[in-house]
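Residue numbers (my numbering): 55 to 343. See below for the structure under consideration.
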């Protein structure tokens with residue numbers, strides 16, 4: 055379970071799609087960098103190459119992350135200087151999903167690596183040690199990027215921040231590993247919903263590829279934001295269980311999340327109303343309202 059809370063915590067989630075460039079290089083698929091029919095052909099080529107003989111023809115198997123392209127990264131940044139009150143901020147990449155240049159994978163990775171490399175927050179995710187962190191590392195290497203401080207490693211785990219060692223480092227926190235192993239590990243949707251926290255709302259990760267083909271990047275970003283709020287609320291609950299947040303502090307953390315949601319809604323992110331409504335429904339359903 056959790057052992058410490060750093061002054062800066064980033065509860066994050068990454069969304070990705072099959073990378074048409076991977077299909078072009080490895081499977082000789084037609085060149086296709088934008089959403090459309092050619093990209094759909096590239097997606098299918100990658101899925102077909104990964105299918106087993108007994109899989110249905112329309113099955114979309116999980117691809118190795120290095121074969122995929124990151125399309126959004128969202129998270130809740132929690133800054134809490136010693137003796138101070140935590141301040142929460144919603145971080146969304148791309149900052150403008152309608153700006154093609156800002157939405158390029160390389161631009162997303164540079165923004166993430168520079169910010170995390172400078173701040174050195176605790177990274178908190180769900181299945182992040184097996185998926186989100188590896189894809190960030192792999193795709194940064196594919197693009198030939200420097201680590202911008204993200205890749206720094208201490209000589210010993212207790213001597214500094216290490217994002218490459220989820221087993222021993224306090225700065226690469228995978229909530230899924232704290233909840234179970236193998237068949238006993240719940241999904242994020244299961245763990246969150248049963249705890250009175252919104253899980254998946256209408257959309258799931260399997261939908262992201264088709265949404266990208268349909269040029270629905272703003273909708274992907276909205277979905278990614280939902281998962282960021284879900285991850286942070288689950289982190290707070292696990293921090294409470296671990297004795298790192300007293301009951302009053304845990305209640306204040308939930309209120310801080312609600313205040314952030316209300317602020318973002320007031321600033322135009324009306325899709326977050328759905329998150330608040332589902333949160334209230336689940337709290338009532340689980341008897342925690």
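By construction, the Cβ of each residue, glycine as well, lies at the ideal position given by its N, Cα and C atoms. The model shown is predicted, which means the values in this text are computed figures rather than measured ones.
Using only alpha-carbon positions, find the residue among the options that is nearest to residue i.
{"i": "residue 106", "options": "189, 301, 115", "result": "115"}
{"i": "residue 342", "options": "315, 247, 311", "result": "247"}
{"i": "residue 210", "options": "201, 224, 312, 202", "result": "224"}
{"i": "residue 147", "options": "71, 128, 124, 282", "result": "128"}
{"i": "residue 330", "options": "302, 298, 284, 307", "result": "284"}
{"i": "residue 270", "options": "153, 315, 181", "result": "153"}
{"i": "residue 234", "options": "208, 251, 215, 181", "result": "181"}
{"i": "residue 335", "options": "253, 232, 57", "result": "253"}
{"i": "residue 263", "options": "189, 93, 188", "result": "93"}
Here's the rule I'm using: 16 or more other beta-carbon atoms within 10 Å means buried, otherwise exposed. How should residue i be labelled?
{"i": "residue 55", "result": "exposed"}
{"i": "residue 338", "result": "exposed"}
{"i": "residue 327", "result": "exposed"}
Identify, in the order they occur along the chain, each residue of the same chain with its Cβ nearer than 6 Å to the Cβ of residue i, setting aside the five sequence neighbours on each side.
{"i": "residue 272", "result": "151"}
{"i": "residue 299", "result": "293"}
What residue range is occupied by the uninterrupted alpha helix (DSSP H) comprising residue i?
{"i": "residue 186", "result": "186-196"}
{"i": "residue 279", "result": "271-295"}
{"i": "residue 79", "result": "74-81"}
{"i": "residue 319", "result": "301-320"}
{"i": "residue 165", "result": "159-173"}
{"i": "residue 232", "result": "229-233"}
Starting from residue i and walking both ways along the beta strand (DSSP E), at which residues does that stretch end?
{"i": "residue 133", "result": "122-133"}
Give every residue of the same chain whose Cβ lies closer than 7 Å to the Cβ of residue i, excluding the five residues on either side of it in the sequence, and list them in chain order.
{"i": "residue 266", "result": "71, 89, 125, 274"}
{"i": "residue 103", "result": "81"}
{"i": "residue 59", "result": "293, 298"}
{"i": "residue 77", "result": "83, 96, 99, 100"}
Inset, instruction - Inspect the CB distances between the segment 77-85 and the segment 247-264 and report whether three or more fall short of 8 Å. - result: no
Legend entry - Inter-stretch contact at 8 Å, needing at least 3 Cβ pairs: the segment 143-150 / the segment 284-296: no
Inset, instruction - Would you be able to state if there are at least three C-beta pairs under 8 Å between the segment 266-285 and the segment 321-331? - result: yes
Inset, instruction - Check whether the segment 158-173 touches the segment 93-104, taking contact to mean three or more Cβ pairs, one atom from each stretch, closer than 8 Å. - result: no
Inset, instruction - Determine contact between the segment 175-187 and the segment 220-238, defined as no fewer than three beta-carbon pairs at a distance below 8 Å. - result: yes
Inset, instruction - Please determine if the segment 193-211 and the segment 157-168 are in contact, where contact requires at least 3 C-beta pairs separated by less than 8 Å. - result: yes
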